[in-house]
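Numbering (this note's numbering), first residue to last: 513 to 857.
For every residue, glycine included, the Cβ atom is placed at its ideal position computed from N, Cα and C.
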C-alpha cells in the first residue's frame, strides 16, 4: 500500500546516504540491530562460506566481546583463531599480522578504534595486507563512524560494523557494510527483507533515527572532532601533569577524539566513579557492555597493566556539546576525589 511504499523509499534514501559516507554502494548496506549482530554475522558467515578453503581466523587481543566470544564459539567448532598481541599503546604490529597469515586463513577482523582506550588501528595498512593475500577484511567501526572519516574503498575493507547509538542515534539499530563482490549468507531466515539477506520486519523508527543522527554527525564532523580533541588534550594534559601517579592508557596521538583512559595508582575506580557520579560527573571503568563485570579489563591487561592498575582505570568520554568550563570542573573534581581517596589509604 502507498504508506508502506513511501516508508521503503525513505529507507532506501537513508541507505544511499549511509553508503555515501563510507564510499560504498547502497546495495552493500544492510540494516541490523547494531554492532553485535553485525560482528557475529561476519564471523559466522566466514565459517559457513569459507570452511572449504580453511578454518583459520585472525583477530586482535583487544577486540569487543562480540568478536572475542564469537571466536571462542568457533574455536569449539574446530576453527583456529590467532589473537594478535598489541603494543603498550594498544596497536597491532602489521609485521606480526603478515606473519600470522596462513594458506587456510579465511578472515581478518581488526577493530577500527577501541571502545575502552580509544586506540586507532592502522586500518589502511591492514586492508592492504588482507587484499594482497586475498583474505576478506572486517573491521568493527562502531566507535569510529560519525567521528572519523571512513573510506571502505581506499582502505580495502570488505565488511564493516556500525551501531547508531555511538553517534547520537537510537539504541538497537545499526548497519553492516558488506562488499557486494563477496558472499554473505543470512544470519536470520524468514522473510525477504533487506534483499533476502536479513529476515524480520525492519526497525523503521530506529533506521530513520540513525539516518538523522548520521546526517548531523557527518555534516559537522570536522568541527566536532577538532573541538573534542582540544578539550580532550587539555583535560588529559592536566590530569597527567597535575595528579601524581597517573598513567595514560592507549596512544596519545592515535586515539578517538573524545576518549581519555587513565589509571590512578592506588585508587579503586569503582569508588572514584561513584564519588564523581554524586557530583553529576559521569565516567566509566571500561566498556559499557561489561560494566557489571568486576574483573580487570581484557583490553587493559593486553596492554600490560597489572590487575591493580587495570582496576584503577577510568574512561572519560568528551562530546562536542561539552564546554571548556565543564572540562575545568571535571578536572577539579577528579583531582579532589583522587586526593581524598589517597589520603584515606
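DSSP three-state call for residue 743: helix, strand or coil?
Counting from one through the chain shown, the residue named residue 743 turns up at place 231. It is helical.
Since residue 537 is in the beta strand (DSSP E), which residue starts that stretch and which ends it?
Along the chain shown, one-based indexing puts residue 537 at 25. From DSSP, residue 537 is part of no beta strand (DSSP E); its letter is neither H nor E.
Which stretch, first to last residue, makes up the alpha helix (DSSP H) that contains residue 593?
Position 81 of the chain shown, counting from 1, holds the residue named residue 593. According to the DSSP assignment, residue 593 belongs to no alpha helix (DSSP H) but to the beta strand (DSSP E) extending over 592-596.
Between which two residues does the beta strand (DSSP E) harbouring residue 773 extend?
The count along the chain shown starts at 1 and reaches residue 773 at position 261. 771-776 is the extent of the beta strand (DSSP E) around residue 773.
Could you tell me whether the Cβ atoms of residue 781 and residue 824 are closer together than 9 Å?
Position 269 of the chain shown, counted from the start, is the residue given in the question as residue 781. Position 312 of the chain shown, counted from the start, is the residue given in the question as residue 824. Yes. Within cutoff.
Would you list the residues sitting across from residue 827 in a DSSP beta bridge?
Taking the chain shown and counting its residues from 1, the one referred to as residue 827 is at position 315. Partner(s): 773, 796.
Uninterrupted beta strand (DSSP E) stretches inside the stretch 566-653 (no shorter than 3 residues)
You should have 568-572, 592-596, 617-621, 649-652.
How would you label residue 648, buried or exposed, when you count the other beta carbons within 10 angstroms and need 16 or more for buried?
By one-based count along the chain shown, residue 648 stands at place 136. So residue 648 ends up on the buried side.
By DSSP, does residue 718 sit in helix, in strand, or in coil?
Start at 1 with the first residue of the chain shown, and residue 718 comes out as number 206. Helix.
In chain order, what residues of the same chain lie with their CB nearer than 7 Å to the CB of residue 670, ignoring the 5 residues before and after it?
Taking the chain shown and counting its residues from 1, one reaches residue 670 at position 158. Contacts found: 648, 649, 650, 691, 694.
In the DSSP assignment, the alpha helix (DSSP H) including residue 562 goes from what residue to what residue?
Residue mapping note: residue 562 aligns to position 50 of the chain shown, counting from 1. Start and end: 547-562.
Just to confirm, is the Cβ distance from residue 675 to residue 546 under 9 Å?
As a working note, residue 675 is residue 163 in the chain shown. As a working note, residue 546 is residue 34 in the chain shown. Contact: yes.
If the criterion is Cβ atoms closer than 9 Å, does the pair residue 662 and residue 535 meet it?
Here residue 662 refers to the residue found at position 150 when the chain shown is read from its first residue. Here residue 535 refers to the residue found at position 23 when the chain shown is read from its first residue. Contact flag set, yes.
Environment of residue 597 [buried if 16+ CB atoms lie within 10 Å]
Along the chain shown, one-based indexing puts residue 597 at 85. Exposed, because fewer than 16 other Cβ atoms sit within 10 Å of the Cβ of residue 597.
Neighbourhood of residue 834 by C-beta distance below 7 Å, restricted to the same chain and skipping five residues each side
Stepping through the chain shown from its first residue, residue 834 is reached at position 322. Result list for residue 834: 743, in chain order.
I believe residue 687 touches residue 519 by the beta-carbon criterion, under 8 Å. Please report the beta-carbon distance rounded to the nearest angstrom.
Here residue 687 refers to the residue found at position 175 when the chain shown is read from its first residue. Here residue 519 refers to the residue found at position 7 when the chain shown is read from its first residue. No, residue 687 and residue 519 are not in contact; Cβ-Cβ is about 17 Å, not under 8 Å.
Meets three-Cβ-pair contact criterion under 8 Å: the stretch 612-622 and the stretch 754-773:
no
In angstroms, rounded to a whole number, what distance separates the CA positions of residue 561 and residue 549?
Position 49 of the chain shown holds residue 561. Position 37 of the chain shown holds residue 549. C-alpha separation (whole angstroms): 18 Å.
Inter-residue Cα distance where the pair is residue 628 and residue 771
Counted from its first residue, the chain shown places residue 628 at position 116. Counted from its first residue, the chain shown places residue 771 at position 259. So the two alpha carbons sit approximately 8 Å from each other.
Helix, strand or coil, according to DSSP, for residue 672 in the structure here?
On the chain shown, position 160 is the one that residue 672 refers to. Correct three-state label for residue 672: strand.
Here's the rule: buried if 16 or more other CB atoms are within 10 angstroms of the residue's CB, otherwise exposed. What is residue 740?
Locating residue 740 in the chain shown gives position 228, counting from the first residue. It is buried - the Cβ of residue 740 has at least 16 other Cβ atoms within 10 Å.
Measure how close the beta-carbons of residue 747 and residue 843 come, nearest whole angstrom, since I'm counting them as under 8 Å.
Locating residue 747 in the chain shown gives position 235, counting from the first residue. Locating residue 843 in the chain shown gives position 331, counting from the first residue. With 8 Å as the limit, residue 747 and residue 843 qualify as a contact, their Cβ atoms being about 6 Å apart.
Nearest by alpha-carbon distance to residue 667: which of 645, 636, 641 is it?
Taking the first residue of the chain shown as 1, we reach residue 667 at position 155. Checking every option, the nearest Cα to that of residue 667 belongs to 636.
Pick helix, strand or coil for residue 790, following the three-state DSSP scheme.
For the purposes of this step, residue 790 is taken as residue 278 along the chain shown, with counting starting at 1. Here residue 790 sits in coil by DSSP.
Distance CB(residue 700)-CB(residue 542) smaller than 9 Å:
Walking along the chain shown from the start, residue 700 turns up at place 188. Walking along the chain shown from the start, residue 542 turns up at place 30. No Cβ-Cβ contact shorter than 9 Å links residue 700 with residue 542.
For residue 624 versus residue 533, is the C-beta spacing smaller than 9 Å?
Locating residue 624 in the chain shown gives position 112, counting from the first residue. Locating residue 533 in the chain shown gives position 21, counting from the first residue. No, these two residues do not count as a Cβ contact at 9 Å.
How would you call residue 608, buried or exposed, if buried means at least 16 neighbouring beta carbons within 10 angstroms?
As a working note, residue 608 is residue 96 in the chain shown. Burial call: exposed.
At least 3 beta-carbon pairs within less than 8 Å: the stretch 569-585 vs the stretch 550-558
yes
Indicate the three-state DSSP secondary structure (helix, strand or coil) for residue 704 in the structure shown.
Taking the chain shown and counting its residues from 1, the one referred to as residue 704 is at position 192. Here residue 704 sits in coil by DSSP.
Pair every Cβ in the stretch 598-606 with every Cβ in the stretch 630-646, then say whether three or more of these pairs are closer than 8 Å.
In the pairwise beta carbon analysis, the stretch 598-606 is classified as touching the stretch 630-646: at least three pairs are separated by under 8 Å.
Out of 811, 857, 838, 521, which one is the CA nearest neighbour of residue 574?
Taking the chain shown and counting its residues from 1, one reaches residue 574 at position 62. Of the listed residues, the one whose Cα sits closest to residue 574 is 811.
For residue 841 and residue 539, what's the separation of their Cα atoms in angstroms?
For the purposes of this step, residue 841 is identified with residue 329 of the chain shown, where counting begins at 1. For the purposes of this step, residue 539 is identified with residue 27 of the chain shown, where counting begins at 1. Using only the alpha carbons, I get a separation of about 47 Å.
Kindly indicate which three-state DSSP category residue 730 falls into: helix, strand or coil?
Here residue 730 is taken as the residue at index 218 of the chain shown, counted from 1. Note: residue 730 maps to helix in three-state DSSP.
Within 10 angstroms of the Cβ of residue 551, are there 16 or more other Cβ atoms? Answer buried if so, exposed if not.
If you number the chain shown from 1, residue 551 lands on position 39. Classification of residue 551: buried, given that the 10 Å Cβ count is 16 or more.
By a C-beta neighbour count over all protein chains shown, 10 Å radius and 16 as the cutoff for buried, is residue 794 buried or exposed?
Counting from one through the chain shown, the residue named residue 794 turns up at place 282. Exposed.
Alpha carbon of residue 722 to alpha carbon of residue 677, nearest angstrom:
Here residue 722 refers to the residue found at position 210 when the chain shown is read from its first residue. Here residue 677 refers to the residue found at position 165 when the chain shown is read from its first residue. Computed Cα separation, rounded: 8 Å.
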